[in-house]
């Protein structure tokens, strides 16, 4: 019945454990007041103090009835405050009826502030505590002024009876208060445990989904890169043959479309790497001036074709060498330059570098079409551009800026945009400035006179199209090419012919490239072995190096990248 009453009173309460505990404590206080009030009313009537009984009865009835009324109306704090003040008045009257502070009824004063703190809150509890001290002091002074217990003493039997009432009631009240809170906090703990378990399960499911997505993309990347390597590689070979004007235009269009597809594939993979937490950064000394200068030189051709003035301004305060990831920083700035040139019909594109305290600030400013203010943040969302017409007019997936900002944040910085529609845009990259000393060996571009003529290169590749692509690209450079169909054949040919360099595919029948490399190294082979593979996910390069390879070149093959990698791993004496 008591539980049913509490449940009835709790109807409509919000799902807040602390509020439920406070309201239940308010109800328990009122019920305890009713129970104690009945006993004390009987005592004071027995002693002839009807005037105190006349105060006790309306106090406890009014307080309890008002509390239930406020609770049902949802005014829980008001009801709790009313309960606390009513309880203080009730206890003061009971102590007055029992003979003052010398009686055991004074123990009730312990209940009042406890109830106020737990049933309402800190501020109200502090006020009630001060009022309790004042009530106790007033009763103590009244006793001293009267010179004896007041209003009149109790018989020995009544004193014993009241002691049997006071202490159990006070103990029970305090115990119930802590039991109510204990029960509520057990509920809170169980709920938190459930939420933690559900959150962990959701996180595990999200990680599993991200890993499945990552695995799917890795597989699709490998399968797409293999035929794409044939398209781009053979188109590159085709462009080196005599073609009439129309054939040359068609071949260049095919190459351009293939490169666009490769860029799209790289963007999707980069986005997946970041999304799944597989993206890692490689910090090394880099020169902001040199990097920006190389990018300006790289994009000078497309800018000139569009009639744009591409310039670089570098503040002298920028350190010559800083720690950073050259590849990823170049990727960010390359994306910004590509967009600036694409969206600028006339005028200029400026890349500026400056030092602001301990921050490296690199910005790309253009005089292009610009963007409205509401589109400035949207362009950094995945698969988003300023609006639908931008995509239709200029193409693109909208991944470049999303990847660039996430890379910047991985580096501890950020990427922001400012723009005025019709007057151009400025994208600003801020990164922590980490000055460092120059590397022991400065990176240098291979001289254009370096060539590979006369080298013997073993190509381990099972795909016929890829064999043809690599053979044609290398033979055009005067390289003698020998092809192996699998890893086992590559080991056998290496033992017989002792080539100068080995280009090793990773996934082959009979024996894969990793096992073949380990076998060659175990047999004393020291020739450069370069992975030439469609495996381009995070960790693939590290796996190749761990197996004993010297470098990693991904498919589709970029001829300049492949030739540069070959030159960098061959002694100068082996280059004609």
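Residue numbers (our numbering): 140 to 715. Using N, Cα and C, we set each Cβ at its ideal position, and we do this for glycine too.
CB residue i to CB residue j, shorter than 8 Å?
i           : j           : result
residue 543 : residue 471 : yes
residue 504 : residue 565 : yes
residue 469 : residue 434 : yes
residue 650 : residue 627 : yes
residue 567 : residue 502 : yes
residue 705 : residue 591 : yes
residue 498 : residue 575 : no
residue 658 : residue 621 : no
residue 252 : residue 267 : yes
residue 396 : residue 356 : no
residue 549 : residue 488 : no
residue 372 : residue 648 : no
residue 572 : residue 494 : yes
residue 656 : residue 643 : yes
residue 239 : residue 280 : no
residue 223 : residue 305 : no
residue 538 : residue 407 : yes
residue 454 : residue 486 : no
Can you grab the Cα-Cα spacing for the pair residue i / residue j, in whole Å?
i           : j           : result
residue 381 : residue 519 : 44 Å
residue 401 : residue 602 : 19 Å
residue 517 : residue 475 : 16 Å
residue 682 : residue 674 : 10 Å
residue 672 : residue 680 : 10 Å
residue 368 : residue 362 : 10 Å
residue 375 : residue 462 : 36 Å
residue 385 : residue 393 : 12 Å
residue 667 : residue 641 : 6 Å
residue 261 : residue 335 : 30 Å
residue 282 : residue 309 : 23 Å
residue 467 : residue 684 : 20 Å
residue 531 : residue 390 : Unreliable positioning characterises residue 531 in this predicted model, as indicated by a pLDDT of 40, which lies under 50. A coordinate reading is not provided.
residue 444 : residue 378 : 21 Å
residue 352 : residue 484 : 39 Å
residue 594 : residue 617 : 8 Å
residue 332 : residue 162 : 24 Å
residue 552 : residue 515 : 18 Å
residue 604 : residue 387 : 22 Å
residue 609 : residue 456 : 46 Å
residue 562 : residue 405 : 31 Å
residue 646 : residue 652 : 6 Å
residue 83  : residue 365 : An answer regarding residue 83 cannot be provided, because it is not within the stretch 140 to 715 covered by the chain.
residue 449 : residue 698 : 26 Å
Tell me which same chain residues have a C-beta within less than 7 Å of the C-beta of residue i, skipping the five on either side of it?
i           : result
residue 216 : 259
residue 248 : 230, 271 and 275
residue 318 : none
residue 426 : 459 and 460
residue 242 : 234
Give me, in chain order, the residues of the same chain whose beta-carbon lies closer than 6 Å to that of residue i; leave out the 5 immediate sequence neighbours on both sides.
i           : result
residue 529 : Caution is warranted here: a pLDDT of 46 is assigned to residue 529, below 50, making its placement in the model unreliable, and the coordinate value is therefore given only provisionally. Correct list: empty, nothing qualifies.
residue 490 : 431, 451 and 503
residue 409 : 542
residue 577 : 460
residue 508 : 482
residue 346 : none
residue 255 : 223, 263, 264 and 267
Kindly list the residues whose CB is nearer than 8 Å to the CB of residue i, restricted to its own chain and excluding five residues on each side of it in sequence; keep chain order.
i           : result
residue 614 : 620
residue 527 : Because residue 527 sits at a pLDDT of 48, beneath the cut-off of 50, its placement in the model cannot be relied upon, and the following sentence gives the value as read from the coordinates. Cβ within range, chain order: n/a, list empty.
residue 510 : 518, 525, 556, 558, 560 and 564
residue 606 : 598, 600 and 622
residue 708 : 640, 667, 669, 689 and 690
residue 423 : 462, 463, 464, 465 and 578
For the alpha helix (DSSP H) containing residue i, list its first residue and its last residue.
i           : result
residue 699 : 698 to 707
residue 608 : 603 to 614
residue 543 : 539 to 549
residue 556 : Where residue 556 is concerned, there is no enclosing alpha helix (DSSP H), although the beta strand (DSSP E) it sits in stretches over 553 to 559.
Report yes if the C-beta of residue i is less than 7 Å from at least one heavy atom of the ligand MN; otherwise report no.
i           : result
residue 499 : This structure lacks the ligand MN, and indeed carries no ligand of any kind.
Got a sec, what are the start and stop residues for the beta strand (DSSP E) residue i sits in?
i           : result
residue 256 : Looking at the DSSP string, residue 256 is not in any beta strand (DSSP E); the run it does join, the alpha helix (DSSP H), is 250 to 258.
residue 567 : 563 to 571
residue 512 : Residue 512 -> no beta strand (DSSP E), and no H or E assigned at all.
residue 693 : 690 to 693
residue 465 : Where residue 465 is concerned, there is no enclosing beta strand (DSSP E), although the alpha helix (DSSP H) it sits in stretches over 465 to 481.
residue 486 : 486 to 495
residue 504 : 498 to 505
residue 597 : 595 to 599
residue 624 : Element bounds for residue 624: n/a, residue is neither H nor E.
Complete runs of the alpha helix (DSSP H) confined to the segment 628 to 685 [at least 4 residues]: 652 to 661
Ranges of the beta strand (DSSP E) found wholly within the segment 374 to 460, counting only runs of at least 3: 423 to 425 and 447 to 453
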